[in-house]
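Residue 24 is where the sequence shown starts when you use our numbering, and the numbers rise one by one after that.
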Amino acid sequence: MDFSISKEQEQVIKVVRDFCRKEVAPIIKEADRTQTMHPSILPRMAELGILGICIPEKYGGQGFDYVTLGLVSEELEYLDTSLRVIMSVHMGLNSLALLQWGTEEQKQKYLVPQAKGEKYAMFGLTEAGVGSDVSAMASTARREGDHYVLNGEKMWISLATKAHNILWVARTNPERSDPHEQLSAFIVETDWPGVTRGDLHGKLGVRAGSTGWVNCQDVIVPVENRLGEEGEGFKIAMSCLDNGRFTVGAGAVGLIRAALDASVRYAGLRKTFGKEIGKHQLVQQKIARMVRDYEYGHLMLLKVGWMKNQGIRNTRETSLLKWFATDASFEAANEAIQVHGAYGYSDEYDVERYLRNSRGAIIYEGTSEIHQLMQAGYALGYRTDGALRCELPAYDEEIWHS
Ligand SMILES: Cc1cc2nc3c(=O)[nH]c(=O)nc-3n(C[C@H](O)[C@H](O)[C@H](O)COP(=O)(O)OP(=O)(O)OC[C@H]3O[C@@H](n4cnc5c(N)ncnc54)[C@H](O)[C@@H]3O)c2cc1C
């Protein structure tokens with residue numbers, strides 16, 4: 024395994040860092056305060072190629088590997104979680120699923136414009152009554168000849184009012200005995216008749232992002248918009264989470280680094296008892312923990328990205344990265360506030376936003392409890408998918424650039 028970052032990856036990181044510092048940093052506090060995603064964000068991310076970063080060039084993307092996807096996610100969340108969430112849903116939960124499961128026609132029609140950033144995409148699994156227990160969902164899709172009739176409402180959906188396409192999971196086969204085989208996945212266009220949506224306000228964090236609801240009432244979905252076979256919806260959704268969780272974990276690593284940098288800066292400026300607070304050992308302890316968690320998280324990012332590049336099944340490792348890094352980012356943000364004292368408790372500094380933003384990632388894409396169940400399940404031998412090949416295509420530089 025190679026830990027080095029290539030020249031090309033360094034260039035990508037620089038582009039993302041410059042975008043964050045020069046274009047997003049000046050507007051982020053206001054966007055957070057007003058709970059609105061700034062209208063320039065998605066178009067600029069599209070222009071910079073971020074929305075298609077690891078999609079092969081022949082499908083409109085930039086042709087980078089999955090490690091680069093992780094590094095970009097880290098860099099985006101270093102500035103604000105709302106930027107990384109875009110990456111998680113548009114790329115992690117949607118576009119990579121089209122690459123993995125889509126027919127050639129579906130790739131041409133949906134993946135190409137998404138990778139070019141001409142269209143934005145989201146992911147609809149959660150409902151008002153169902154989150155962790157996916158197989159209990161209420162959404163239905165009834166087959167009628169050459170189309171399905173879709174009904175249901177998805178809740179807590181990132182990019183709800185921004186995206187053009189949603190990957191929607193619904194129950195198609197209630198007669199099957201295994202509830203996991205009753206679900207199917209569909210590509211639904213948000214301007215189709217019967218689709219309505221809106222934003223949710225009053226969230227604790229990710230306030231500069233869009234989170235909302237999407238309702239489908241008797242929406243006609245052509246059979247050719249079914250992703251995979253009937254009954255593969257649960258499997259597809261779980262594969263989406265393998266990719267989305269990677270970006271969430273990688274992003275959380277960026278948030279730890281942001282908390283660390285802010286704490287180091289402040290610890291060098293603030294003086295108490297005749298010396299800068301960085302000289303007090305209990306402040307050093309907080310900073311040391313942030314260093315440790317950043318390095319561990321970053322190593323896990325590189326390992327999971329490498330596994331994805333090889334096409335090795337990584338559900339266990341991705342879950343571990345996501346669980347560890349999101350918990351650690353919340354802890355780092357909390358400690359960063361402590362380092363800042365009362366100033367950390369006000370929005371004069373960024374660390375209070377880091378704390379609010381880090382909290383959601385302990386809930387979405389599998390709560391920490393679900394990840395602990397998974398890890399225990401693997402350790403105890405109740406889950407055994409670790410050695411299987413990954414369904415996400417292994418990265419091949421020649422193919423990705425052809
Ligand atoms: C900001 C944000 C953005 C989101 N974006 C999206 C999106 O784009 N698309 C999407 O589909 N969803 C999205 N979600 C929804 C998210 O994925 C769900 O909130 C998450 O899966 C948890 O489901 P829930 O909220 O219904 O909690 P529940 O499943 O109701 O769980 C409630 C509590 O019970 C615990 N629990 C549940 N089952 C068990 C168990 N077996 N053992 C132990 N404890 C258990 C949970 O850990 C949790 O603490 C988003 C959520 C947020 C906050």
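Here a beta-carbon is modelled for each residue, glycine too, at the ideal position from N, C-alpha and C.
Buried is the label assigned to residue 232, since at least 16 other Cβ atoms lie within 10 Å of its Cβ. A distance below 7 angstroms between beta-carbons, with the five flanking residues on each side excluded, links residue 413 to the following residues of its chain, in chain order: 331, 334, 335, 336, 337.
Residue 201 sits in coil when the DSSP states are folded into three classes, being neither helix nor strand.
Sequence-distant Cβ neighbours of residue 122 in its own chain, meaning closer than 8 angstroms and more than five residues away, are 78, 79, 82, 130, 134, 415, 416. DSSP places residue 209 inside the beta strand (DSSP E), whose first and last residues are 206-212. Between ligand 1 and the CB of residue 244, the shortest heavy atom gap is not smaller than 6 angstroms. Residue 245 is bridged by DSSP to 170. Counting only the Cα atoms, residue 406 lies some 16 angstroms from residue 203. Residue pairing from DSSP places residue 335 in a beta bridge opposite 412.
Residue nearest to residue 179 within the set 229, 158, 196 is 229 (criterion: CA-CA distance). DSSP assignment within the segment 88-158 yields the following whole beta strand (DSSP E) runs of 3 residues or more, N-terminal first: 144-147.
Spatial neighbours of residue 61 in its own chain (CB-CB distance under 6 angstroms, excluding positions within 5 residues in sequence) are listed in chain order as 50, 54. Only residues of its own chain outside the window of five on either side were considered, and among them 282, 285, 286, 367, 374, 377 have a CB closer than 7 angstroms to the CB of residue 359, listed in chain order. Contact between the segment 235-247 and the segment 164-181 is present: three or more C-beta pairs spanning the two stretches fall below 8 angstroms. Contact between residue 153 and residue 145 is absent: CB atoms are separated by about 17 angstroms, not below the 8 angstroms threshold. Between residue 329 and residue 394, the gap from beta carbon to beta carbon reaches 7 angstroms or more. Around residue 280, the same chain offers 101, 317 as residues with beta carbons nearer than 7 angstroms, after the five sequence neighbours per side are excluded. The beta carbon of residue 213 sits no closer than 6 angstroms to any heavy atom of ligand 1. Secondary structure note for residue 268: its alpha helix (DSSP H) is the uninterrupted segment 256-292. Note on geometry: alpha-carbon atoms of residue 87 and residue 34 lie some 12 angstroms from one another.
Distances from the alpha-carbon of residue 217 to those of 307, 157, 176 put 176 closest. From the listed residues 349, 67, 292, 257, the smallest Cα separation to residue 320 is found for 349. Judged by DSSP in its simplified three-state form, residue 71 adopts coil rather than helix or strand. For residue 185, the closest C-alpha among the options 249, 291, 112, 261 is that of 112.
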